[in-house]
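Trainee:
Pasting the structure below:
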């Protein structure tokens with residue numbers, strides 16, 4: 069836990085790709101067991117923000133502290149940090165040449181050094197919880213998109229992370245498959261997992277989030293409890309964005 | 003014309019070659035195999051260097067490919083055999099290598115080295131194309147699970163890249179089998195040397211070169227079948243049991259696990 073009581077704390081985080089500043093002076097605090105939703109149009113910097121927290125991208129300025137440890141310095145054990153943080157991607161990124169069980173057990177076995185028996189028992193238990201135990205020996209391409217994404221979530225959970233980053237995990241799914249994935253995320257939230265979600269699912273954000281942040285052009289323009297940001301936004305940009313989403317029929 | 007060809011000699015060269023020829027054939031095969039393995043290892047190293055964050059490694063990899071693809075293989079062979087000791091100031095190429103149970107002629111050693119190093123330059127591009135063909139998300143997913151770069155490369159990226167690498171690798175080995183004939187020029191007694199010496203003793207070029215061409219064709223044809231088997235096996239193991247990169251190769255070569263000439267049962 070951080071000194072100021074936040075599990076994740078970003079101070080003045082700035083990220084550039086060449087001349088393009090994709091994140092500008094981002095300040096964000098996430099308390100333990102809280103869920104923070106990042107909303108905003110595509111290209112607003114939501115994904116980049118998540119990727120910075122996992123060090124898949126290096127920040128150009130500012131600092132990030134996770135679980136009391138600064139991660140933006142030079143002497144950071146990236147692999148150790150990443151074992152504390154699970155990330156789930158929009159495109160699932162399951163390993164296609166491995167079965168579901170191998171996907172879930174590989175990192176615990178090879179990165180954490182857990183024995184095969186233990187890792188498999190744990191993986192099966194997790195898969196049972198999401199009702200996919202009978203798919204253990206299937207290859208990812210035999211599963212539906214929703215099932216694949218649920219396996220990806222379980223894979224990220226298998227290393228015992230304290231923080232989950234979910235990067236638009238339902239954006240690539242058919243509408244009828246979104247529900248099962250959100251249900252799993254809902255359960256995770258209820259179990260007290262600290263999470264940061266980039267999402268376009270506004271009603272879901274309203275339901276699970278403790279805090280909603282609206283990003284536009286790399287800047288957090290508005291943040292607050294979901295009922296405030298989503299129902300009574302203060303900023304003109306937020307209102308415009310939500311109006312567009314509403315037209316799209318997603319609210 | 004055709005009538006002047008001694009078809010009996012051709013028949014003997016094709017169907018009943020002498021003991022010396024079989025030694026030469028064996029030599030051709032093992033030189034090609036060792037040089038190709040060397041080429042794959044060097045190519046993999048150079049490809050990883052090419053993708054390194056360290057500029058110096060990228061530059062070294064570039065210079066390596068630049069030189070060895072930009073100069074004739076024959077020049078490289080002569081250079082390694084005759085010039086490298088003088089240039090380096092120490093004995094890279096001994097007169098003969100004595101490894102106890104096997105003895106290796108210095109020329110063969112030099113030949114394998116030259117072919118292998120040359121091949122590595124071509125394999126670098128093949129390996130890199132294979133690695134590039136794998137979605138970046140795979141490496142990101144692996145490293146974000148706490149796997150180190152090397153582990154992620156070995157368990158996640160390379161096994162998937164292998165499917166892309168194997169077909170051109172097979173073509174490279176086909177070339178390698180034939181390129182070993184260049185080693186005749188530094189005095190390696192391989193298949194072509196056997197034919198050349200037979201010809202100069204008998205002045206029967208058609209007979210001897212037709213015979214040796216037949217045997218090169220046999221080698222490359224056998225290889226084509228082996229290659230097809232490996233490719234089928236790799237495609238099948240995409241959806242078979244758990245296989246690491248090493249296990250895949252074992253499976254491809256081990257008859258008890260399906261062997262290379264047996265189709266895996268379709269699912």
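Chains as they are written, first to last, in our numbering: chain H, 69 to 319; chain S, 3 to 269. Backbone N, C-alpha and C define an ideal beta-carbon position, used for all residues, glycine too.
Please report the straight-line C-alpha distance between residue 243 of chain S and residue 192 of chain S, rounded to a whole angstrom.
Mentor: Locating residue 243 of chain S in the second chain gives position 241, counting from the first residue. Locating residue 192 of chain S in the second chain gives position 190, counting from the first residue. Below a pLDDT of 50, predicted positions are generally treated as unreliable, and residue 243 of chain S, at 45, falls in that range; no measurement from the model is reported.
Trainee: Counting only beta-carbon atoms, is residue 146 of chain S nearer than 8 Å to chain H?
Mentor: Working through the second chain from its first residue, we reach residue 146 of chain S at position 144. Yes, residue 146 of chain S lies at the interface with chain H (some Cβ there is under 8 Å from its Cβ).
Trainee: When you compare each of S:84, S:55 and S:144 to residue 156 of chain H by their alpha carbons, which one comes out closest?
Mentor: Here residue 156 of chain H refers to the residue found at position 88 of the first chain. Taking only the C-alpha atoms, the option nearest residue 156 of chain H is S:144.
Trainee: Three-state secondary structure (DSSP) at residue 138 of chain H?
Mentor: In the first chain, the residue the question calls residue 138 of chain H occupies position 70. In the structure shown, residue 138 of chain H sits in a strand (DSSP, three-state: E or B).
Trainee: Cβ of residue 217 of chain H less than 8 Å from any chain S Cβ?
Mentor: Against the first chain, residue 217 of chain H aligns to sequence position 149. Not an interface residue.
Trainee: Quick check: is the beta carbon of residue 158 of chain S nearer than 8 Å to any beta carbon in chain H?
Mentor: Your numbering for residue 158 of chain S matches position 156 in the second chain. Interface residue, yes.
Trainee: Return helix, strand or coil for residue 128 of chain H, following the three-state DSSP convention.
Mentor: The residue labelled residue 128 of chain H in the question sits at position 60 within the first chain. Three-state DSSP puts residue 128 of chain H in coil, outside helix and strand.
Trainee: What does residue 151 of chain H reach in chain S if we use C-beta pairs closer than 7 Å?
Mentor: As a working note, residue 151 of chain H is residue 83 in the first chain. Those within 7 Å of residue 151 of chain H in chain S are 148.
Trainee: Would you kindly check if the distance between the Cβ of residue 225 of chain H and the Cβ of residue 215 of chain H is under 8 Å?
Mentor: Within the first chain, the letter at position 147 stands for residue 215 of chain H. Within the first chain, the letter at position 157 stands for residue 225 of chain H. The answer is no: Cβ separation not under 8 Å.
Trainee: Can you tell which of S:222, S:232, S:230 and S:214 has the C-alpha that lies nearest to the C-alpha of residue 16 of chain S?
Mentor: Here residue 16 of chain S refers to the residue found at position 14 of the second chain. Of the listed residues, the one whose Cα sits closest to residue 16 of chain S is S:214.
Trainee: Just to confirm the assignment, what range does the alpha helix (DSSP H) spanning residue 251 of chain H have?
Mentor: Along the first chain, read from residue 1 onward, the residue named residue 251 of chain H stands at position 183. Run containing residue 251 of chain H: 243-258, per the alpha helix (DSSP H) assignment.
Trainee: Does the Cβ of residue 224 of chain S have 16 or more other Cβ atoms within 10 Å, making it buried, or fewer, making it exposed?
Mentor: Here residue 224 of chain S refers to the residue found at position 222 of the second chain. Residue 224 of chain S comes out exposed.
Trainee: Alpha carbon to alpha carbon, how far is residue 325 of chain H from residue 133 of chain S?
Mentor: This structure leaves residue 325 of chain H out entirely; chain H is present only between 69 and 319.
Trainee: Whose Cβ in chain S lies nearer than 9 Å to the Cβ of residue 121 of chain H?
Mentor: In the first chain, residue 121 of chain H corresponds to position 53, counting from 1. None at all; the shortest Cβ gap to chain S is about 11 Å.
Trainee: Assuming residue 249 of chain H contacts residue 237 of chain H under a Cβ cut-off of 8 Å, what Cβ separation, rounded to an integer in Å, is found between them?
Mentor: For the purposes of this step, residue 249 of chain H is taken as the residue at position 181 of the first chain. For the purposes of this step, residue 237 of chain H is taken as the residue at position 169 of the first chain. The Cβ separation is near 6 Å, so the contact holds.
Trainee: Between residue 294 of chain H and residue 280 of chain H, how many whole angstroms is the CB-CB distance? I'm expecting something under 8 Å.
Mentor: Counted from its first residue, the first chain places residue 294 of chain H at position 226. Counted from its first residue, the first chain places residue 280 of chain H at position 212. About 5 Å; that satisfies the 8 Å criterion.
Trainee: If you follow the alpha helix (DSSP H) that residue 20 of chain S is part of, which residue opens it and which one closes it?
Mentor: As a working note, residue 20 of chain S is residue 18 in the second chain. Segment: none, residue 20 of chain S is in no alpha helix (DSSP H) and carries neither H nor E.
Trainee: Within 8 Å of any Cβ in chain H, is that where the Cβ of residue 229 of chain S sits?
Mentor: As a first step, residue 229 of chain S is located in the second chain; it is residue number 227 there, counting from the start. Residue 229 of chain S does not count as touching chain H.
Trainee: Measure from the C-beta of residue 153 of chain S to each C-beta in chain H and report whether the shortest distance is under 8 Å.
Mentor: The sequence position of residue 153 of chain S within the second chain is 151, counting from 1. Residue 153 of chain S counts as touching chain H.
Trainee: Determine the extent of the beta strand (DSSP E) in which residue 53 of chain S is found, giving its start and end residues.
Mentor: In the second chain, counting from the first residue as 1, residue 53 of chain S sits at position 51. Element bounds for residue 53 of chain S: n/a, residue is neither H nor E.
Trainee: Can we say the stretch 120-134 of chain S touches the stretch 33-50 of chain S, given the rule of at least three CB pairs closer than 8 Å?
Mentor: yes
Trainee: Can a CB atom of chain H be found closer than 8 Å to the CB of residue 142 of chain S?
Mentor: Translated into positions along the second chain, residue 142 of chain S becomes position 140. Yes, residue 142 of chain S lies at the interface with chain H (some Cβ there is under 8 Å from its Cβ).
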